[in-house]
Each structure stands twice: as structure tokens, then as C-alpha cells.
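Contents: one structure, followed by commentary.
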Amino acid sequence: MTDLQTLETWFVTGSQHLYGPETLQRVAEDSQKIAQGLSQSEKIPVQVVFKPVLTTPDAIKKLCMEANNTENCIGLIAWMHTFSPAKMWIAGLSALRKPLAHLHTQYNRDLPWSSIDMDFMNLNQSAHGDREFGFIGARMRLNRKVIVGFWQDDEVVTEIGAWTRTAAAWHDTQRLKVARFGDNMRQVAVTEGDKVEAEIRLGYSVNGYGVADLVASVQKVTNAAIDKLVAEYDECYDVAAPLRPGGEQRQALREAARIELGLRAFLEEGNFKAFTDTFEDLPGLVQLPGVAVQRLMAAGYGFGAEGDWKTAALVRAMKVMGQGLPGGTSFMEDYTYDFGKRPKVLGAHMLEVCPSIAEGKPSLEMRPLSIGGKADPARLVFTARSGPAINVSVVDLGNRFRMIINEVDVIPPDEPLPKLPVARAVWVPRPNLKVGAAAWIYAGGAHHTGFSQVLTAQQMKDFADMAGMESVCIDSDTCLEEFRKELRLNDVYYFLSRAL
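Just add 25 to wherever you are in the sequence shown, counting from 1, and you've got the numbering used here.
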């Protein structure tokens, strides 16, 4: 994973020469203190870098171009300390290709009522300086994040931190390479899509490889490397008795380790951070990649099953956003329902659920899968921890991509699941299964999702905004008829917006 501390967001302040050098000096000093304060916050994982106060169109455009060309700059946080005539910003904002957050704050929390004079008023003009800046953002139809409040308040700092995580994920997505072993699962619609349009709109590239390329990498793995990895399995997981040293399935576990090492080597050599496979096209591999995929996801790789490259890229972005936070993110699938007293979803997949969401220590098992036509695959088995979470899907509607987000509540299974040989999560969709599932289906959400107990729906909405992508959210307040109206209005908006 990319170390978020190596990334920067630039704190840029707007003003003008009308107020004189003394006021501009104060503007610079105040801005520098805000940038330093934000950068030192544990809630903000990247560096917040102060940039000189901007007072001319040329300076603004130069800074925006510099941001575009600076590898570790993930975006700008803009603030108007005084009034900054917004026509100065047009050329710069037109050229800017990095995410933009507009922080509507002021240096002082409280007004010094008894001593306010015109010097104070001229200096502290964010209340209307930021509105001027807000107008030009609206007039130019910029995708930007607006954050309002005092810059030292916990809520504001938390919001900035969440936005920087999203900007870091967008930064990563612009450089992301997805390896696709084999093609899409046959006859499946929702996991297909326009890979060229995805690269144009979202930045990442999808690269197809024959499974023989992966098999060649697997065959290069040495016994010494396998010995080391299997010993790691023994230490990290509750290994089932047949897989332990001397057990009848120990050699099969070594084959699983060989696949993991070969897959990891292939991804590292090609600088891929996400990948897909499909059980219909894995000739040359002894067993389906189970524990290999699970552990690679735990290390930060994105994954999508059955050739689902959109979900693989999505999971990678969500992994970057949640880096360093407690909890986890995984590839997931709505598998089956319980329509009983409290209707709920049992989420799982054949093999590939990330152990970062596990409650307790996973067990490492090797049991029949009854699908795929391979030898019994090794996999980590566990139940996800309880708590709030989100499920996210990105689908290709032909004329645009749509992100669908559902807030859910993960709960323990009603009873133990001794015969279910895969990792799983049980959740109640908000507002309930009846409305949540119907809204998801009306929106065209896929059966594959990125599932996270770390991220918020707002972060995913911010990511969609950065991408210029439609997003809809299903939450506790969702009314199905209003949701359907939103979908219809979005159809109109995204058709007309192409001409705006």
C-alpha cells in the first residue's frame, strides 16, 4: 500500500492586493498556522502543505498547473481569508486536474465584539470571500467538496481527513493497473462494461492475460518459499488438523501456497494493484485461488471474481481510503436471504472474502467447493464482526457509470454455521431488506460489491464526485418512491449535462 504520509494536499489561500502588504502578511501567517494545525492532526493522514497566498490570475494558474504536475499532490484545499475576486480563479480552476475542497472557515472562532474595527473586518472576510469563490465553482460546474465550520473543530477536521483519504484513493486510481486473468464469466451482464470508457473517466486500466501467464509464474515458485509461507499460515491461523504437518491435506496446502506466491509475484512484477479471475477459466492451476486471494486483499489489493474488473478497482480504492483505520474492507456478494422475523442478508462468496473484516482468528480449511471443477481449495473461514458497514457497487449504464451505496448493519448469525465452508457476513440493509433490496434492484446494482466497515457513504459519494460519476445512496431515510424519482431525474440530468 502507498504510505499516505508521503502524499500532500496543498492549502491555498485567496486574497488580493487591495488591502495592502500588512493585511496580506497577516493572511499568510494565519493561513500557515491553519495548514500546520491540520497537518499535525491525527485525523488527517496526509501532509497539509501551506502555499503562498494567491493574489493574481497568473499566480493562481501557475499553482494549479504545478499541482497537476506534482506526483505526490493529491488535491487542493482552498480558503478565501479575505475577498478574492473570483474571475482571477477562472484560468487556474479550468486547468486544475486534481480534486478540490473548499474550506469555508475563518481564522478566529469568536468575534471580539468590543474591539471590532474596520481593520478586523477587512482582514476576516471569509463569510463573503468564500461565497464569491463558491459562485465561480458553481458557474464553472466544478466537482468540489464544500466543508463549513471552524478549522479546529473536531467535526471539521474529521471531514477534511475523510476527504483527503478519498482524494488519496482517487490519486491511486489514476495510476491503477488491473490484471484480468481470463475473461468475464459466461453470459453474465453486470460484470461486463466499457474498459476504454473506464480508463477515460476513472483513470485505471484493465489488462487481460491468459491463465497460462499466471501458471508460468506459479511454476517458478521454489520449495523454500513455500516452506516459509506455509509456516506463516501455521502461525497466523487456526489450521485445520488435516492441513497441519503430517496431515493428509498438507501437500494440498502447499499447492495453495504455491498459487499465492506465484500470483503475488505476477502482480508485483507488473505493478498491478488489483486483479480478477474466473473459475470457468483457470486451466493449469490445481485448485482455485482461495486463501491466496484473501491474503492479497488483506495486503491491500483489489479483487473482483468472475472477471469483475469494476469491483476489483473499487475494492482497491476503498482499501486505500481505509488504510490505517480499524476495521476492514472486502470483496463481497449478496448470497442468500433470511425472510424471517428480522429479514437479513447472508453475504459470502465461493472463497474470496477478505480476513480484514473477521471477528477473531480465521480458521484455515480445505473442504469441497462443489463448483469450479478443481481440487478442494484452501480458504480462510470466519464470520465478520458486527457493526455498521456499507456495500458499494459500480455499474456501467452505457452512457455513464453509476455508484450505488447501501448502508447496512452487520449482526451475528442467528445460529452457528458449522457446515458453511466459506467466510461470511450477515447484515440488515437500511432501511430494511424490503426497501433496500428493491432500491438496489431499481438502481441496477450488481451482486458483487465492495464491503467496508471502515468507510462512510459520504466518502464514497465524494469519490464519485471526483470521478464525475453518478451516485445514489440507500440509507435509513430512503423512501422507495422518492428513490425512483431520483433515478429518473438523474437520467435526465446526466443526459443533459453532456451539453452543459
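Where a beta carbon is used, it is the ideal one built from N, C-alpha and C, also for glycine. Being a predicted model, the structure only gives us computed values, none of them experimental.
{"Asked": "Taking a contact to mean a Cβ-Cβ separation below 8 Å, would you say G475 touches V340 in this structure?", "Found": "yes"}
{"Asked": "Let me know the beta strand (DSSP E) ranges lying completely inside the region 129 to 188, each 3 residues or longer, listed in chain order.", "Found": "169 to 173"}
{"Asked": "Given that a residue counts as buried once 16 or more other Cβ atoms are within 10 Å of its Cβ, and exposed if not, what is Q72?", "Found": "buried"}
{"Asked": "List the residues that DSSP assigns as beta-bridge partners of K58.", "Found": "Looking at the DSSP assignment, K58 forms no beta bridge with any residue, so it has no partner."}
{"Asked": "Just to confirm, are G12 and C89 a CB contact at a threshold of 8 Å?", "Found": "What the structure shows of the chain is the stretch from 26 to 525, and residue 12 is not part of that stretch, so it cannot be assessed."}
{"Asked": "My parser needs the alpha helix (DSSP H) runs of 4 or more residues fully inside the region 192 to 279; what are they?", "Found": "220 to 227, 236 to 244 and 248 to 261"}
{"Asked": "So A464 and T503 are supposed to be a Cβ contact under 8 Å. How far apart are they, rounded?", "Found": "6 Å"}
{"Asked": "Taking P11 as the reference, which of T408, W138, F426 and R455 has the closest Cα?", "Found": "Since the first and last residues shown for the chain are 26 and 525, residue 11 lies out of range."}
{"Asked": "For T354, does the three-state DSSP call read helix, strand or coil?", "Found": "strand"}
{"Asked": "Would you list the one or two residues that DSSP bridges to H473?", "Found": "E358"}
{"Asked": "Which one of H153, H42, V460 and V215 has the shortest CA to CA distance from T336?", "Found": "V215"}
{"Asked": "Measuring CA to CA, which of S418, R425, K112 and V345 is closest to D83?", "Found": "K112"}
{"Asked": "If we count the other Cβ atoms within 10 Å of its Cβ and call it buried at 16 or more, is H106 buried or exposed?", "Found": "buried"}
{"Asked": "Looking at C-beta atoms only, is the number of pairs between the region 171 to 191 and the region 482 to 502 that lie closer than 8 Å three or more?", "Found": "yes"}
{"Asked": "So, using beta-carbon positions, are L389 and A265 closer together than 8 Å?", "Found": "yes"}
{"Asked": "Taking Cβ to Cβ, would you say F158 is nearer than 8 Å to A103?", "Found": "yes"}
{"Asked": "Following the continuous alpha helix (DSSP H) through F488, name the residue where it begins and the one where it ends.", "Found": "A482 to A492"}
{"Asked": "Since P393 and P387 are thought to touch, with beta carbons under 8 Å apart, how far apart are those beta carbons, to the nearest angstrom?", "Found": "Contact flag wrong, Cβ pair sits at about 19 Å."}
{"Asked": "Specify the secondary structure class of Q319 as computed by DSSP and reduced to three states.", "Found": "helix"}
{"Asked": "So, T130 versus F175, is the Cβ gap smaller than 8 Å?", "Found": "yes"}
{"Asked": "Can you confirm whether the region 275 to 289 touches the region 345 to 356 when touching is taken to mean that 3 or more C-beta pairs between the two stretches lie within less than 8 Å?", "Found": "no"}
{"Asked": "As a quick exercise: from I115, W138, L422 and G186, pick the residue whose alpha carbon is nearest that of G162.", "Found": "I115"}
{"Asked": "Taking the alpha helix (DSSP H) that P454 belongs to, which residues open and close that run?", "Found": "It is not in any alpha helix (DSSP H) - P454 instead sits in the beta strand (DSSP E) that spans R449 to P454."}
{"Asked": "Does the structure place the region 241 to 258 close enough to the region 217 to 228 that three or more beta carbon pairs sit under 8 Å?", "Found": "no"}
{"Asked": "Our contact map puts V406 next to Q319 with C-beta atoms below 8 Å; I'd like the distance itself, whole angstroms only.", "Found": "With 8 Å as the limit, V406 and Q319 do not qualify as a contact, their Cβ atoms being about 10 Å apart."}
{"Asked": "May I ask you to report which of helix, strand or coil DSSP gives L521?", "Found": "helix"}
{"Asked": "Assuming S418 contacts V435 under a Cβ cut-off of 8 Å, what Cβ separation, rounded to an integer in Å, is found between them?", "Found": "About 17 Å; that fails the 8 Å criterion."}
{"Asked": "Near R211, what residues of its chain come up, given a Cβ to Cβ distance below 8 Å and the 5 sequence neighbours on each side ignored?", "Found": "E305"}
{"Asked": "Which whole-angstrom value describes the C-beta separation of M26 and G325, a residue pair presumed to lie in contact below a C-beta threshold of 8 Å?", "Found": "4 Å"}
{"Asked": "Exposed or buried, what is H374 when buried is set at 16 or more other beta-carbons lying within 10 Å of its beta-carbon?", "Found": "buried"}
{"Asked": "Where V236 and H473 are concerned, what is the direct C-alpha to C-alpha distance, given to the nearest angstrom?", "Found": "22 Å"}
{"Asked": "Quick one: Cα of T354 to Cα of R289, how far?", "Found": "19 Å"}
{"Asked": "Which of the three DSSP states, helix, strand or coil, is assigned to G327?", "Found": "strand"}
{"Asked": "Measuring alpha carbon to alpha carbon, tell me which residue in D259, D487, K68 and T301 is nearest P124.", "Found": "D487"}
{"Asked": "Mark I429 as exposed unless 16 or more other C-beta atoms lie within 10 angstroms of its C-beta, in which case mark it buried.", "Found": "buried"}
{"Asked": "Bridge partners of M428, per DSSP?", "Found": "V419 and S496"}
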